[in-house]
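In this note's numbering, the protein residues as written are 27 to 482.
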């Protein structure tokens with residue numbers, strides 16, 4: 027097989043390894059005379075990104091500044107064995123992963139995607155056939171807050187927000203209050219109801235999901251799930267993915283956030299839906315070539331990292347208990363891998379905590395009130411963080427700080443109230459955004475010498 031035949035007959039490229047690729051042939055025909063104009067152009071294009079960035083002496087310091095799980099060496103070792111085939115021409119590793127995901131979720135077909143944002147936006151674009159139409163979601167949803175207005179841009183759809191009356195998750199009553207039905211020309215009918223599970227680390231009860239789904243389908247409304255962290259729900263509730271995904275017409279599942287793959291998400295649904303979504307993926311610029319190593323990384327994460335999530339949840343609960351024992355207020359408890367906290371009852375501000383944590387011998391990177399535990403968070407990280415909080419509390423006490431009844435009040439998981447200025451007269455509007463000052467941000471990175479999963 028020559029270099030030319032690989033380009034002309036990609037279907038034959040089924041299991042070509044790196045060692046089999048004819049780089050020597052390519053080099054033979056790209057030799058140029060030294061100091062020639064072409065040689066100068068080639069020299070300008072060359073770049074070495076590894077020597078300095080991968081130097082062992084700098085790796086540790088770099089990891090202190092990143093904010094996500096990093097792929098392991100074992101994952102990379104597995105991934106480089108993948109096919110170098112072309113996804114446009116049915117690359118076998120990616121197709122195998124897609125088939126597995128379809129079976130796992132109980133759907134007819136699946137589509138490998140570059141990101142969860144693209145998965146969500148493609149799903150909405152595929153479901154929405156003819157305007158006017160709107161999408162109903164929780165006001166804290168990722169599609170509402172962290173996808174750059176993609177629903178309006180890509181689909182021309184209106185987003186309608188619902189605030190959970192219980193402060194935790196949407197119920198059928200919430201949906202009925204905000205859904206738009208009928209043909210009133212003044213309105214924008216609801217075409218899709220989008221739910222998120224988990225949302226801010228909290229689990230949406232399956233019975234509420236089923237009730238909403240039955241109502242939606244009775245009115246010909248599609249159901250989409252942002253299941254970026256659905257893996258956590260499956261582990262915490264010991265529920266099969268097929269059951270969790272059953273009430274939905276489409277589901278987006280992330281391989282990166284909780285599982286640690288370097289890239290990738292998967293969109294699942296009916297065969298007709300996925301066929302159309304594949305078309306939109308191409309249109310959105312999401313069509314890729316050699317995706318085998320990406321699919322292999324995701325497969326490794328499913329096999330080796332997914333079983334570690336139960337330990338993550340246990341460590342998160344230990345973190346929550348430790349903070350409560352010190353006197354810190356928990357604003358949203360540990361249901362899976364996240365804890366939202368308020369250190370003001372012990373006289374400590376977020377800014378103080380962030381500054382002190384960054385100066386520990388093994389620095390811990392913080393950014394606000396959200397703590398995320400992941401598969402690479404160690405017990406020592408949690409111990410060091412709790413020790414720091416305990417030390418700060420003692421320093422404040424020694425300095426004369428006395429907790430009042432207001433300081434000591436433990437706030438319940440009411441993140442929806444934090445988004446709603448009603449009920450908080452005289453206070454600043456607390457938007458769920460990572461871009462605000464520390465005292466009003468609802469986002470935290472948590473790491474110690476390794477990394478933290480900061481994705482939502």
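From the three backbone atoms N, C-alpha and C, an ideal C-beta is built for every residue, glycine too.
Per DSSP, residue 101 has no beta-bridge partner at all. Per the coordinates, the alpha-carbon of residue 146 lies some 6 Å from the alpha-carbon of residue 278.
Residue burial is scored here from C-beta neighbours: residue 291 has at least 16 other C-beta atoms within 10 angstroms and is therefore classed as buried. For residue 185, the pairing in a beta bridge is given by DSSP as 161. Membership of residue 121 in the alpha helix (DSSP H) is indicated by the continuous run 118-131. In the three-state reduction of the DSSP assignment, residue 336 falls in the helix class. Per DSSP, reduced to three states, the secondary structure at residue 344 is helical.
In the three-state scheme derived from DSSP, where H, G and I count as helix and E and B as strand, residue 233 is classed as helix.
In the DSSP assignment, residue 139 forms a beta bridge with 291.
Between residue 265 and the set 237, 311, 233 and 247, the nearest pair of CA atoms involves 233.
DSSP, read as helix, strand or coil, puts residue 279 in strand. Sequence-distant partners of residue 429 (beyond 5 residues in either direction) whose C-beta falls short of 6 Å from its own C-beta, in its chain, are 371. By the criterion of a C-beta distance shorter than 8 Å, residue 98 is surrounded in its chain by 286, once the five residues flanking it on both sides are discounted. Across the structure, residue 300 and residue 120 are spaced so that their CA atoms are roughly 15 Å apart. Here the segment 109-128 makes contact with the segment 311-323; the two share three or more CB pairs at distances below 8 Å.
A contact between stretches requires three or more CB pairs, one per stretch, nearer than 8 Å, and the segment 137-146 meets this requirement with the segment 304-317. A residue is called buried when at least 16 other Cβ atoms come within 10 angstroms of its Cβ; residue 184 meets this threshold and is buried.
Excluding its 5 nearest sequence neighbours in each direction, residue 353 has C-beta neighbours in its own chain below 8 Å: 371, 372, 419, 429 and 434, listed in chain order. Taking the Cα positions, residue 328 is about 13 Å away from residue 288.
Straight-line measurement puts the Cα of residue 388 at about 22 Å from the Cα of residue 367. Beta bridge pairing from DSSP links residue 368 with 355.
Residue range 248-252 is occupied by the beta strand (DSSP E) that includes residue 252. Counting the other Cβ atoms within 10 Å of the Cβ of residue 395 gives 16 or more, which makes it buried.
Between residue 229 and residue 273, the CB-CB gap reaches or exceeds 7 Å.
Contact between the segment 146-155 and the segment 214-223 is present: three or more C-beta pairs spanning the two stretches fall below 8 Å.
The beta carbon of residue 336 lies closer than 7 Å to those of 261 in the same chain, with the five residues before and after it left out. Between residue 231 and the set 159, 195 and 305, the nearest pair of CA atoms involves 195.
Burial check for residue 190: the Cβ neighbour count within 10 Å reaches 16 or more, so the residue is buried.
If you check the CB distance, residue 76 and residue 316 do not come in under 7 Å.
Per DSSP, reduced to three states, the secondary structure at residue 298 is helical.
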